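Participant:
Numbering (this note's numbering), first residue to last: 60 to 147.
Below, the structure written as structure tokens:
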């Protein structure tokens, strides 16, 4: 069964270090062993600065600074993780 989890616990991701903390978690190869990590609005050249720039662009410098989505599959559901990652 596919599981979608949106991580936004009350009081979480409000502080200036939120971006660095969540990126440290997401980019940990034990958490994403296939390396399929995606984003909207940033390219990955400098994740933290680009995330800050997106927040500034939309006037969202206070409150929750990000949303963290986790999508997981059972091993038998997806033969090749590239299929899920394909953006075409």
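Every residue gets a Cβ at the ideal spot worked out from N, C-alpha and C, and that includes glycine.
Predicted model only: the values in this text are computed from it and were never measured.
#1: How about residue 128 and residue 62: are their beta carbons less than 8 Å apart?
#2: Of the choices 94, 74 and 134, whose alpha-carbon is the least far from that of residue 60?
#3: Under a three-way DSSP split, which group does residue 86 fall into?
#4: As a quick exercise: from 93, 87 and 120, pick the residue whose alpha carbon is nearest that of residue 138.
#5: Between which two residues does the alpha helix (DSSP H) containing residue 131 stretch?
#6: Applying the criterion that 16 or more other CB atoms from any shown protein chain within 10 Å of the CB defines a buried residue, is residue 124 buried or exposed?
Facilitator: Reading off the structure:
#1: no
#2: 134
#3: coil
#4: 93
#5: That residue, residue 131, is in no alpha helix (DSSP H); its beta strand (DSSP E) goes 127 to 131.
#6: With 16 or more other Cβ atoms within 10 Å, it is buried.
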